[in-house]
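Residue numbers (the working numbering), protein chains in the order written: chain A, 8 to 449; chain B, 84 to 432.
Please read the structure below before turning to the comments.
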Amino acid sequence: MDLLYARAQMGLSLAFHIIFAAAGIALPLLMVLSDVKARRTGDADYVELSKKLAKGTAILFAVGAVSGTVLSFELGLLWPAFMGTYGEVIGLPFALEGTAFFTEAVFLGIYLYGRERIPAGLHLFSGVMVAVSGAASAFFVTLVNAFMNHPAGFTPTAGGPVNVDPVAAMFSPGWAYQVLHTLLACYQASAFAMAGIHAFVLLRHPGAAFHRKALSVALPLACVTALLQPFAGDLEAEHIAHAQPVKLAAAEGLFETQRGAPLSVGGLPDVETGTTPYAIEIPKGLSILAFRDPDAEVKGLNDFPRDEWPPVLKVHLAFQVMVGTGGLMALLAVVTLFLRWRHKAWPEGRRVLWGWLLCGPLGVVAMEAGWLVTEWGRQPWIIRGVMRTADAVTPVTHLAVPFWTFTLVYLFLGAMVVFLLVRQVAGTLPGRAPPSEVAHVH
Amino acid sequence: MSTELWLLGGALVGSFVLYALFGGADFGGGVWDLLASGPRKAEQRALIARALGPVWEVNHVWLIIGVVILFGVFPRAFAVLSVALHVPLTLLLLGIVFRGTAFTFRTYDARGDKVQRRWGLVFSVASVLAPLLLGMCVGAMVSGDIQVEGLAVVSGFLSAWLSPFALAVGVLALCLFAFLAAVYLTAETREPALQEDFRRRALGAGVAVFLAAFGVLLLARGGAPRVWSGLTGSPFALGLHAATAVAAVLAFGLLLTRHFWPARVAAAAQVGLIVSGWAVSQYPYLVVPDVTLQGAAANVATQRALLVALAVGGALIFPSLFFLLRVFQSPRPPFSTPGAGGKAARPMQ
């Protein structure tokens, strides 16, 4: 029972943190892009937009920073045997991530409070540094997860790891695919969310200049990432097919090993009967996607010991959600880019705006679902093939107490953040003066 | 001990010293926000918010750096501390979460005084609890009450950090951070009346530090015998204490004569020496008496890789940190009036 609470607490903390971390990576880029546009055009709306995005970044970064601090402690508080034994193997990317996080915090402070105090060029440079170090910190922390999925750089023994090579552990075999997929997801989720918000305003206040410009900053990033992501995901899936075949089998609900395996769309895998009813099967699809060969053999779950199966139904559903939402977003990007090409301007028709409004949350949904695929799919291992999650959990009891406490805290913080962001957007609605900034009048 | 381990141990102590000097002062700022009083109550709070705004996120990254060094270089110590101090560390985390978010929400939830005060209260209460818990964890670490067999903690999850000695260390940490913040704040304003407010607070907190330190010393004899002998035994430690005493007297003297910028330096030196003194007194133990630096250390390849990472990180962090402080420590924009910035930043030198 305590293992369940420990996993739930870690999962909750990560699910919460990921949203803010993604925003901390992508919003600075959008902020810098608007800043550059403001400089080029001298347009006051872009100046205002970069200021708004800076405030959004500040709020989200602060929550991301504290939830990240919680996570760095929770690694030990919940999984002391994992960190106590393998901390020395995987400490390097954590240290580099700490550095990147530090530079992000420093330059965010300069960017937020230095607008009036430092020359314009230096101010923009600070913004660029925030964006770069945000991306770097996502890069390094994803390397840790890649290591947990595909451990490398040490020889496991009963007494712990020997022959440790921290650089080889940091760049474990699947690192490039996972980093690419994750970074794109961060930009995609944030750009879609921003596009959704401004599409919403434009539907109610057609032609509002500020929001048209905001949409024109968000859409290019949203479209590019939505189109690149399926390819990145495919590369990642191909690596998983080789490195973690049981994860792929669970994601696809494939029980029997077969040549020319079909791709299952939808369906509800049933581990009792070993079937996946209600699925639409695309013949040979899985063999082609996973091994680039229509007749390749794909291993099914039955080839693996039962106690090494991940939770099949959960992994399958999360995978379907990720692929489905990713597909919808790519489709919307294609339509939008087509209209952009036809009309030589970003489309503003009500139908497209509705599309962006409805797809606004999908980036976050896809990111969370994808993260669940990778985490549930690795179970029952905390480090695949090396250490089981059950062996890593803390001996401390009554873990229900911290779990419920942090659940309530995160619910409250999430509600607060939404409330504050809504107020930031509300201040830009046509005909409304920006809210008074009491705290900034010192 | 190898050179690598000396350097990494030094880096660990260094990160804690910097956390105390910067993050600790932030906590202290929260304490004075809670205790703001007199005719300039609002001005005091505004000064604290203005001083913290640009730097508070940065100040707290030192803790992350310390934790990362701990689990990268001394993973077994990290595991043992995480188990034995699960409860206070979890409470500390809640304090850190509420402190940071309340400060940000207060800044951006600008809807009049009532909402501001509500966030301010959360911020300041969390600022009082967090240093207490931090100090209690340190107290438990050095007391010798955490007993370990292999990787398993056999002394339970409550006893070590609830001892009178651990509580006394918590109170000392709180007083130290409040003292530090008050001294820093005297040099954050040009307003003489506000300077006097914080000068009085600094002197009061300084006396409290002295009393708390005395209490810790008395309780150490029974509550932390290893530290007691470390504190009173080695000539090196005695030298450190002498230096701490000099810094403390100097800080007091400079406060009394209203030399605020030098007082700031002396107070920082005093706190830095106290944290270093703690580290020296428990050497070679990380968790007294079962976990030593060497016994908890990672393999040599990792040690070297982390040293390189820390060197690269330092080369990036320190210049940018210096830049941040230069931008915000000067009363006037340093670049808009060429030539005036550098001098104006240090009026007392």
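For glycine and all other residues, C-beta sits at the position ideal for the given N, C-alpha and C.
Inter-residue spacing [alpha-carbon to alpha-carbon] between residue i and residue j
i: Leu153(B); j: Tyr93(A); result: 13 Å
i: Val359(A); j: Leu339(A); result: 8 Å
i: Ala398(B); j: Leu404(B); result: 10 Å
i: Ala268(A); j: Gly274(A); result: 16 Å
i: Met17(A); j: Gly155(B); result: 20 Å
i: Glu259(A); j: Glu315(A); result: 16 Å
i: Val199(B); j: Pro308(B); result: Note that residue 199(B) is Gln in the sequence shown here, rather than Val. Gln199(B) and Pro308(B): Cα-Cα distance of roughly 46 Å.
i: Ala145(A); j: Gln278(B); result: 43 Å
i: Pro233(B); j: Thr404(A); result: In the sequence on display, residue 233(B) carries Gly and not Pro. Approximately 20 Å between the Cα atoms of the pair.
i: Arg313(A); j: Tyr102(B); result: 48 Å
i: Gly121(A); j: Ala138(A); result: 16 Å
Contacts of residue i in chain B (Cβ-Cβ under 7 Å)
i: Thr110(A); result: Leu399, Ile400 and Ser403
i: Pro87(A); result: Ala162, Ser165 and Val166
Close beta carbons around residue i, own chain, < 7 Å, minus the five adjacent residues each side
i: Val371(A); result: Ile26, Ala196 and Ala200
i: Asp302(A); result: Arg266, Gly267 and Ser294
i: Val70(A); result: Phe27, Leu420 and Val424
i: Phe298(A); result: Ala248
i: Glu87(B); result: Val383, Gln386, Arg387 and Leu390
i: Pro455(A); result: The requested residue 455(A) does not occur in the structure, where chain A is confined to residues 8 to 449.
For residue j and residue i, believed in contact at Cβ under 8 Å, the rounded distance
i: Ser207(B); j: Asp228(B); result: Incorrect: roughly 31 Å between the Cβ atoms, too far for contact.
i: Arg182(B); j: Ala209(B); result: 4 Å
i: Val310(B); j: Gln365(B); result: 6 Å
i: Leu85(A); j: Ala13(A); result: 5 Å
i: Trp244(B); j: Met219(B); result: 5 Å
i: Val150(B); j: Val370(B); result: Not really, about 15 Å apart at Cβ, beyond 8 Å.
i: Leu346(A); j: Pro354(A); result: 4 Å
i: Val166(B); j: Pro402(A); result: 6 Å
i: Thr327(B); j: Leu356(B); result: 4 Å
i: Val100(B); j: Ser359(B); result: 6 Å
Cut-off 6 Å between Cβ atoms - residues of its own chain near residue i, not counting five sequence neighbours on either side
i: Phe311(A); result: Val253
i: Leu215(B); result: Gly253 and Leu257
i: Ala325(A); result: Ala376, Leu379 and Val380
i: Pro137(B); result: Phe411
i: Ser419(B); result: With a pLDDT of 43 at Ser419(B), under the threshold of 50, the predicted position of this residue should be treated as unreliable, though the coordinate-derived value follows. Contacts found: none.
i: Ala30(A); result: Leu67 and Ser197
Residue-chain proximity (residue i, chain B), Cβ-Cβ < 7 Å
i: Arg124(A); result: yes
i: Ser79(A); result: yes
i: Ala102(A); result: yes
i: Gly83(A); result: yes
i: Ala72(A); result: yes
i: Glu55(A); result: no
i: Pro163(A); result: no
i: Pro35(A); result: no
i: Pro409(A); result: yes
i: Ile117(A); result: yes
i: Val328(A); result: no
i: Pro158(A); result: no
i: Val171(A); result: yes
i: Leu190(A); result: no
Chain A residues whose Cβ lies nearer than 7 Å to that of residue i
i: Phe411(B); result: Tyr120
i: Phe161(B); result: Gly83, Met90, Gly91 and Gly94
i: Val180(B); result: Val73, Val77 and Val416
i: Ala388(B); result: Leu99, Pro173 and Val174
Within-7 Å CB hit, residue i to chain A
i: Phe188(B); result: yes
i: Pro171(B); result: no
i: Gly183(B); result: yes
i: Val205(B); result: no
i: Asp192(B); result: yes
i: Thr385(B); result: yes
i: Pro367(B); result: no
i: Ile131(B); result: no
i: Ile229(B); result: no
i: Pro137(B); result: yes
i: Glu140(B); result: yes
i: Phe105(B); result: no
Chain B residues whose Cβ lies nearer than 8 Å to that of residue i
i: Gly105(A); result: Val144, Ile147, Ile148, Val151 and Gly396
i: Phe262(A); result: Going along chain B, no residue has its Cβ under 8 Å from Phe262(A), so there is no contact; the nearest lies around 39 Å.
Sequence-distant residues of the same chain with beta carbon closer than 8 Å to residue i, five excluded per side
i: Val174(A); result: Leu99 and Gly160
Under 8 Å from the C-beta of residue i: neighbouring residues of chain A
i: Val156(B); result: Glu95 and Gly98
i: Ala381(B); result: Gly94, Glu95, Gly98 and Val171
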